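Visitor: Take any residue in the sequence shown, note its place counting from 1, add 4, and you have its number in the numbering used here. Even glycine gets a Cβ: it sits at the ideal position worked out from N, Cα and C. If you're wondering where the values come from, they're calculated on a predicted model, not measured in any experiment. Sharing a structure below in structure tokens format, with a few things to ask.
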Amino acid sequence: MVVAYHERTKHHFHRYAASPGYMDWATQPDPFRRYQGADLVRLPLAKSGWPLPYWQLYALGEVPSEPLSLESISLFFRYALSLTAWKRFHDTTWSLRANPSSGNLHPTEGYAVLPPIDRLGDAPAVYHYAPKEHALERRAILDATAWSELCAPFPEGSFLVGLSSIHWREAWKYGERAFRYCQHDAGHALATLRIAAAALGWSLVLLDGMSDGLIAALLGLSRDDDYGKAEREEPELLVLVTPGLPLTSPRLLDGLTARSIGAQWCGEANALSSEHSVNWPVIDEVAQATRRAASAPITEDFSGFPTYEELCGAPVHQRLLTAEKAILGRRSAVAMDGVTAISEEAFFRTLARLMPTRDGRSMPWDAIPWRPRIHLGLFVHRVEGVPPGLYALARDPGKLTALKEVMRGEFRWERLPSCPAGLPLYLLQERDCRALAATVSCGQHIAGDGAFSLGMIADYIDSLSTYGAAFYRNLFWEAGMVGQVLYLEAEEASIRSTGIGCYFDDPVHEVFGIASREWQSFYHFTAGGPLEDTRLTTLPAYDFEEPT
Ligand SMILES: Cc1cc2nc3c(=O)[nH]c(=O)nc-3n(C[C@H](O)[C@H](O)[C@H](O)COP(=O)(O)O)c2cc1C
Numbered sequence: 005m006v007v008a009y010h011e012r013t014k015h016h017f018h019r020y021a022a023s024p025g026y027m028d029w030a031t032q033p034d035p036f037r038r039y040q041g042a043d044l045v046r047l048p049l050a051k052s053g054w055p056l057p058y059w060q061l062y063a064l065g066e067v068p069s070e071p072l073s074l075e076s077i078s079l080f081f082r083y084a085l086s087l088t089a090w091k092r093f094h095d096t097t098w099s100l101r102a103n104p105s106s107g108n109l110h111p112t113e114g115y116a117v118l119p120p121i122d123r124l125g126d127a128p129a130v131y132h133y134a135p136k137e138h139a140l141e142r143r144a145i146l147d148a149t150a151w152s153e154l155c156a157p158f159p160e161g162s163f164l165v166g167l168s169s170i171h172w173r174e175a176w177k178y179g180e181r182a183f184r185y186c187q188h189d190a191g192h193a194l195a196t197l198r199i200a201a202a203a204l205g206w207s208l209v210l211l212d213g214m215s216d217g218l219i220a221a222l223l224g225l226s227r228d229d230d231y232g233k234a235e236r237e238e239p240e241l242l243v244l245v246t247p248g249l250p251l252t253s254p255r256l257l258d259g260l261t262a263r264s265i266g267a268q269w270c271g272e273a274n275a276l277s278s279e280h281s282v283n284w285p286v287i288d289e290v291a292q293a294t295r296r297a298a299s300a301p302i303t304e305d306f307s308g309f310p311t312y313e314e315l316c317g318a319p320v321h322q323r324l325l326t327a328e329k330a331i332l333g334r335r336s337a338v339a340m341d342g343v344t345a346i347s348e349e350a351f352f353r354t355l356a357r358l359m360p361t362r363d364g365r366s367m368p369w370d371a372i373p374w375r376p377r378i379h380l381g382l383f384v385h386r387v388e389g390v391p392p393g394l395y396a397l398a399r400d401p402g403k404l405t406a407l408k409e410v411m412r413g414e415f416r417w418e419r420l421p422s423c424p425a426g427l428p429l430y431l432l433q434e435r436d437c438r439a440l441a442a443t444v445s446c447g448q449h450i451a452g453d454g455a456f457s458l459g460m461i462a463d464y465i466d467s468l469s470t471y472g473a474a475f476y477r478n479l480f481w482e483a484g485m486v487g488q489v490l491y492l493e494a495e496e497a498s499i500r501s502t503g504i505g506c507y508f509d510d511p512v513h514e515v516f517g518i519a520s521r522e523w524q525s526f527y528h529f530t531a532g533g534p535l536e537d538t539r540l541t542t543l544p545a546y547d548f549e550e551p552t
């Protein structure tokens, strides 16, 4: 089912994946889910200006851990899932968020299961995050004893965060390919959660052995009565956030069952569209085929990976950009200027941040337990000191031989003399690939007019046979996480990035000579000097901010 879905949702030169082909504005989904009848607790909005330098996000252990409080939870959600601006063009306004989304449709919903916190609630509870209000809606109050037993194995102050997807929001515009985009967006949000935790000195790990059924029960997504005519949410993932030291192998929430948490629920979900004029049954089918049963958590060996020093050459301590500016100021470029070049130092640093390290402590890769399954095929256009051409980054150095075997035989696989010793970056072919990059990205000029763009090549079939069909989602999550780091790194390099979900799948494989169906392109990205759309007005995300 998964392979069939992936094949039928490919874009081809002669045929795009099935979609409505137009925007049915009358049924445009509401981007904001609310639970009517649930208490809304507004989160205090601190004035902007948290001074943490951007580079410290990656220096684990150096950021002092903030105590769990209403203020720190507020900052956590602000950095992870909040609105960051409103945009206006004539009479139309729309909001942007810390987490990006394909078509800005935002299928991802966020939840938290929190202990009693002063001014938030005096009992442990399940909350839904409402980004428009920057508030938590209290969906359920939990039995205090059950909560303490559940959390007994975890450090004091630990809490859970869950993500779900509302497929309809993406399917409304993108049709059958929408399931892929929902998974990309969940991956971006997983990274924004990890990055937000890092800013507060907290660690965060994916509880990868949890079944979807349990996540749905814990977050209230399986409660038929609370949804009525409202669009249902698909459980995606659950993470454990701990204020203290990292947990290397988090225990499963063994004792957890829907009944054992003893929840009292309230709130009814709003319907997002008045009607659904078209349905895409294959999305339900692939969702069903990729649901996760409970399993032992993945544990893998990272001893063959480079150290931080081997990856970066010299330690990266740039002090100009704050973490907050990068996180809240991140934006997608809508067009690239076709001239801006970046330094090779910025290029290598960006790629180094996409790599896990030997000690398993590189952020955000410490949040997921599997070795990278997403590798990069790069189109380099304008990087000083780096010849234009096709390159490969083997994000798992152990997969280098496999990548060489699957790609074009005539590729050179040469190291650049200036590249840090531990960064597995290889020159494949020197050439001007600007037009090629744009062509395979559905003709989008942003892929050719930037400093570089890339295709994310997934070690696809081997991943599915190793971890099971549910891991189809994880491949998109990992790709989304790569993308989120690229977004922030672009801010650090004073350029901009853009995720590219629209690309021609098989023509990308052809560029790299990949004939085997076992390796597939899962996402595209571009980075370069942006061209601003000066017709748009930018308004503050929330009332307290000054207009920019
Ligand atoms: C999974 C994904 C796919 C995307 N695909 C494209 C694309 O093909 N072309 C494009 O111009 N932008 C694309 N974007 C960028 C979105 O349009 C952008 O994230 C959204 O409009 C919100 O703007 P922001 O990123 O500035 O918050 C994509 C973003 C994501 C997360």
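Between tyrosine 546 and ligand 1, is the CB less than 8 Å from at least one heavy atom?
Guide: Answer for tyrosine 546: no, Cβ out of range of ligand 1.
Visitor: Would you call the CB atoms of histidine 15 and alanine 21 closer than 9 Å?
Guide: Cβ distance < 9 Å, so histidine 15 and alanine 21 count as in contact.
Visitor: Identify whether isoleucine 465 lies in helix, strand or coil by the three-state DSSP scheme.
Guide: Note: isoleucine 465 maps to helix in three-state DSSP.
Visitor: Suppose contacts are defined by Cβ-Cβ distances below 9 Å. Is leucine 223 in contact with arginine 173 by that definition?
Guide: No, Cβ-Cβ distance for leucine 223 and arginine 173 is not below 9 Å.
Visitor: Does at least one heavy atom of ligand 1 sit under 8 Å from the Cβ of asparagine 283?
Guide: No; taking the cut-off as 8 Å, the Cβ of asparagine 283 has no heavy atom of ligand 1 nearer than that.
Visitor: Have a look at the DSSP bridge pairing and note the partners of valine 384.
Guide: Its beta-bridge partners are Gly393, Phe456.
Visitor: Between the alpha carbons of proline 57 and arginine 357, how many angstroms are there, rounded?
Guide: Roughly 16 Å between the two C-alpha positions.
Visitor: Return the CA-CA distance between leucine 332 and threonine 88, expressed in angstroms with no decimal places.
Guide: Distance between the alpha carbons of leucine 332 and threonine 88: 6 Å.
Visitor: Can we count isoleucine 504 as close to ligand 1, meaning its CB is less than 8 Å from some heavy atom?
Guide: Result yes, Cβ under 8 Å from ligand 1.
Visitor: To the nearest angstrom, how far is it from the Cα of aspartate 189 to the Cα of serine 69?
Guide: The alpha-carbon atoms of aspartate 189 and serine 69 are separated by roughly 28 Å.
Visitor: Once the 5 residues before and after alanine 398 are set aside, which same chain residues still bring their CB inside 6 Å of it?
Guide: Cβ within range, chain order: His379, Leu404, Leu407, Pro428.
Visitor: Considering only the alpha carbon of each residue, which of Val45, Ser520, Glu414, Ser501 lies closest to aspartate 510?
Guide: The shortest Cα separation from aspartate 510 among Val45, Ser520, Glu414, Ser501 belongs to Ser520.
Visitor: Is there at least one non-hydrogen atom of ligand 1 closer than 8 Å to the beta-carbon of arginine 335?
Guide: At least one heavy atom of ligand 1 is nearer than 8 Å to the Cβ of arginine 335, so yes.
Visitor: In angstroms, rounded to a whole number, what distance separates the CA positions of phenylalanine 516 and proline 104?
Guide: Distance between the alpha carbons of phenylalanine 516 and proline 104: 28 Å.
Visitor: Please go through the stretch 153-217 and give each complete beta strand (DSSP E) segment of 3 or more residues, from N-terminal end onward.
Guide: If we require 3 residues or more, the beta strand (DSSP E) runs fully inside the stretch 153-217 come out as 163-169, 207-210.
Visitor: Among the candidates Pro120, Glu66, Ala203, Tyr39, whose CA atom is the shortest distance from the CA of arginine 82?
Guide: For arginine 82, the nearest C-alpha among the options comes from Ala203.
Visitor: Within its chain, find whatever has a CB closer than 6 Å to the CB of threonine 538; leave out the 5 residues flanking it on each side and keep chain order.
Guide: If we look at threonine 538 and ignore the five residues flanking it on each side, it has no Cβ neighbours.
Visitor: Flag proline 104 as yes when its Cβ comes closer than 8 Å to any non-hydrogen atom of ligand 1, and as no otherwise.
Guide: Checking every heavy atom of ligand 1 against the Cβ of proline 104, one is found closer than 8 Å.
Visitor: Could you tell me if glutamate 238 is buried or exposed, where buried requires 16 or more neighbouring beta carbons within 10 angstroms of its beta carbon?
Guide: So glutamate 238 ends up on the buried side.
Visitor: Less than 8 Å between the CB atoms is what I'm expecting for threonine 196 and glutamine 488, so what's the real figure, rounded?
Guide: With 8 Å as the limit, threonine 196 and glutamine 488 qualify as a contact, their Cβ atoms being about 6 Å apart.
Visitor: Can you give me the C-alpha to C-alpha distance between isoleucine 121 and glycine 533, rounded to a whole angstrom?
Guide: Those two C-alpha atoms are separated by around 44 Å.
Visitor: When DSSP labels each residue in this structure, what does methionine 485 get in the three-state scheme?
Guide: Reduced to three states, the DSSP call for methionine 485 is helix.
Visitor: Could you tell me whether the stretch 437-455 touches the stretch 327-341, where touching means 3 or more Cβ pairs closer than 8 Å?
Guide: Touching, yes, given that three or more Cβ pairs across the two stretches are closer than 8 Å.
Visitor: Please determine if the stretch 47-57 and the stretch 215-235 are in contact, where contact requires at least 3 C-beta pairs separated by less than 8 Å.
Guide: No: fewer than three Cβ pairs fall under 8 Å.
Visitor: Taking one C-beta from the stretch 407-421 and one from the stretch 101-116 each time, how about it: are there three or more such pairs within less than 8 Å?
Guide: Touching, no.
Visitor: So, with DSSP's three-state summary, where would you put proline 551?
Guide: With a pLDDT of 46 at proline 551, under the threshold of 50, the predicted position of this residue should be treated as unreliable, though the coordinate-derived value follows. Proline 551 falls in the coil class under three-state DSSP.
Visitor: My output table needs one value for threonine 41: the three-state DSSP class, helix, strand or coil.
Guide: Note that residue 41 is glycine in the sequence shown, not threonine. The answer is coil: DSSP assigns glycine 41 none of H, G, I, E or B.
Visitor: Within 8 Å: the Cβ of cysteine 437 and any heavy atom of ligand 1?
Guide: No.
Visitor: Just to confirm, does arginine 38 get its C-beta within under 8 Å of one of the non-hydrogen atoms of ligand 2?
Guide: Absence of ligand 2 from the depicted structure is noted, with ligand 1 being the only ligands included.
Visitor: Rounded to whole angstroms, what's the CA-CA distance from methionine 460 to valine 384? Just pull it up for me.
Guide: C-alpha separation (whole angstroms): 14 Å.
Visitor: Can you tell me whether DSSP reads leucine 140 as helix, strand or coil?
Guide: Three-state DSSP puts leucine 140 in a strand.
Visitor: Going by alpha carbons, who is nearest to tryptophan 374 out of Pro301, Glu240, His513?
Guide: When only C-alpha atoms are compared, the closest one is Pro301.
Visitor: Answer yes or no: the CB of leucine 100 versus the heavy atoms of ligand 1, is any distance below 8 Å?
Guide: Yes, the beta carbon of leucine 100 sits closer than 8 Å to at least one heavy atom of ligand 1.
Visitor: When you compare only the Cα positions, how much space is there between proline 551 and serine 76?
Guide: Note that proline 551 scores a pLDDT of 46, beneath 50, so its modelled location is shaky; the value from the coordinates is reported in the next line. Their Cα atoms are separated by approximately 25 Å.
Visitor: For ligand 1, I want to know if serine 457 counts as a neighbour, meaning its beta carbon is within less than 8 Å of at least one of the ligand's heavy atoms.
Guide: It does not: the Cβ of serine 457 is nowhere closer than 8 Å to a heavy atom of ligand 1.
Visitor: Output the boundary residues of the alpha helix (DSSP H) element that contains histidine 10.
Guide: Start and end: 6-12.
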